[in-house]
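Down below is the structure, laid out as structure tokens.
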Amino acid sequence: MFRIEEFQTAAELEAMESTIRRACDAAVRDPYAQFLFIDRYTRWNGYAGALVAKLSGNIGESQDLFLDANEPDRAQAVRGMDVAGHVLDATVDEHLDKGHRVPHRTLAQAMRKAAADYAGLSIDDRNALSEPQPVWLKDVVARTFRYYGSFPHDAEALIRSIGTHIASESMADREYSIIDRVFRAERHYEGFYQYLRDRDFRVELGGKLVHAYAWITIHATFESQGVEAEHLAEAMKALELAARYRPESRERILELAREGYRHFADIQRDFFLHAASECDAAADSRQQAA
Ligand SMILES: [Fe+2]
Ligand SMILES: [Fe+2]
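Per the numbering used here, the sequence shown starts with residue 779, numbered consecutively.
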């Protein structure tokens, strides 16, 4: 079996966690900074579900690529959907969460709306802060598009993107966990979390009351693993099956997947570095103005 340790060293993991932590610490300096962080994170993250579905579809469509070498009847040998299923698994709830009965995007929007209310932003403020997106965020999103969804009938591109998917799932687990630590565990009776508690954690969205913090805790919490850990286990199975049904050596499969992993690790690092500077700049300027 491929192992996640083959993709990332302990030192790299530690560096990633401290970059996420820096951005979260900058976010909680000020309600305005916290809105910026949540706006940027929900925007970037909001594409993941669709891109996972796209990758899964592109693998499934590639009936020419993933074949069982032990099956001489060619039509009986097609295994693309076996690989694809382990990718798709990560995005079923993303489209319609079994517990909340809404897409995860809706839960993210509930959190963004609550953060905007908490910061006292008018509708004009909200729109002006979100659109146009900052250039750095556009770049992060464009690079995510390039590496995640992949291309059908291109084995190397698909294996690389499975690596990107592995990166995204393993990093998401750390991201949500650290966000939850900084937003909730360390500020249980203050700031944004207390603001949410005062409103029973609900925000009005399209005529419904939606939980405004569940988006974080369904994915991972500071003290326990959520769905991201399961998604990662499934993503590793997808790579395992891809290796079984491809003629390349395991070394070559790992090499390709690691390339895709690397691309995403760079994108993720850039996201949190930029988010940290943006939040710090916002908090600094508001402190000076006060
Ligand atoms: Fe999600
Ligand atoms: Fe996930």
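Ideal placement from N, C-alpha and C gives every residue a C-beta, glycine not left out.
According to DSSP, is residue i part of a helix, a strand, or is it coil?
{"i": "Arg980", "result": "strand"}
{"i": "Glu964", "result": "coil"}
{"i": "Asp871", "result": "helix"}
{"i": "Leu899", "result": "coil"}
{"i": "Asp808", "result": "coil"}
{"i": "Tyr1023", "result": "coil"}
{"i": "Asp803", "result": "helix"}
{"i": "Leu878", "result": "It is worth fixing the name first, because residue 878 is His in this sequence and not Leu. Looking at His878 - three-state DSSP - the assignment turns out to be coil, as it is neither helix nor strand."}
{"i": "Glu953", "result": "helix"}
{"i": "Gln1066", "result": "helix"}
{"i": "Phe785", "result": "coil"}
{"i": "Met779", "result": "coil"}
{"i": "Asp1044", "result": "helix"}
{"i": "Tyr991", "result": "coil"}
{"i": "His943", "result": "helix"}
{"i": "Ser840", "result": "coil"}
{"i": "Asp851", "result": "coil"}
{"i": "Asp917", "result": "helix"}
{"i": "Phe929", "result": "coil"}
{"i": "Tyr1008", "result": "Position check: residue 1008 holds Glu in this sequence, whereas Tyr was assumed. Helix at Glu1008."}
{"i": "Gly824", "result": "coil"}
{"i": "Gln887", "result": "helix"}
{"i": "Glu909", "result": "coil"}
For residue i, is the beta carbon positioned less than 6 Å from some heavy atom of ligand 1?
{"i": "Glu1026", "result": "no"}
{"i": "Glu947", "result": "no"}
{"i": "His1071", "result": "Because the chain in this structure spans residues 779 to 1068, residue 1071 falls outside the shown range and cannot be described."}
{"i": "Glu872", "result": "yes"}
{"i": "His943", "result": "no"}
{"i": "His882", "result": "yes"}
Tell me residue i's beta-bridge partners as DSSP assigns them.
{"i": "Ala998", "result": "Gln1003"}
{"i": "Leu845", "result": "Val856"}
{"i": "Lys986", "result": "Leu983"}
Looking at residue i and ligand 2, is the gap between the Cβ and the nearest heavy atom below 6 Å?
{"i": "Ala950", "result": "yes"}
{"i": "Ala1016", "result": "no"}
{"i": "Ala868", "result": "yes"}
{"i": "His878", "result": "no"}
{"i": "Glu1008", "result": "no"}
query: Should the region 917 to 932 be regarded as contacting the region 1033 to 1048, the criterion being three or more beta carbon pairs within less than 8 Å?
result: Result yes; three or more Cβ-Cβ pairs closer than 8 Å.
- request: Flag this pair as touching only if the region 982 to 999 and the region 955 to 974 have three or more C-beta atom pairs under 8 Å; answer yes or no.
  value: A contact exists between the region 982 to 999 and the region 955 to 974.
- request: Assess, as a yes-or-no matter, whether the region 846 to 860 is touched by the region 780 to 790 under the definition of 3 or more beta carbon pairs within less than 8 Å.
  value: By the Cβ test, the region 780 to 790 is not in contact with the region 846 to 860, since fewer than three Cβ pairs between them sit closer than 8 Å.
- request: Decide if the region 817 to 831 is in contact with the region 882 to 892; the criterion is three or more beta carbon pairs, one per stretch, under 8 Å apart.
  value: The answer is yes - the region 882 to 892 touches the region 817 to 831, with three or more Cβ pairs under 8 Å.
- request: Say whether the region 831 to 838 touches the region 785 to 800, bearing in mind that this needs 3 or more beta-carbon pairs closer than 8 Å, one atom from each stretch.
  value: By the Cβ criterion, the region 831 to 838 is not in contact with the region 785 to 800, since fewer than three pairs of Cβ atoms, one from each stretch, lie closer than 8 Å.
task: Could you tell me whether the region 975 to 990 touches the region 1026 to 1038, where touching means 3 or more Cβ pairs closer than 8 Å?
output: When C-beta atoms of the region 975 to 990 are compared with those of the region 1026 to 1038, fewer than three pairs fall below 8 Å, so the two segments do not count as touching.
query: Do the region 1002 to 1022 and the region 857 to 866 meet, that is, are 3 or more Cβ pairs less than 8 Å apart?
result: As far as the Cβ criterion goes, the region 1002 to 1022 touches the region 857 to 866, which means the pair count is three or higher.
task: Would you be able to state if there are at least three C-beta pairs under 8 Å between the region 1026 to 1035 and the region 961 to 972?
output: For the pair of segments examined, the region 961 to 972 was found not to touch the region 1026 to 1035: the number of CB pairs separated by less than 8 Å stays below three.
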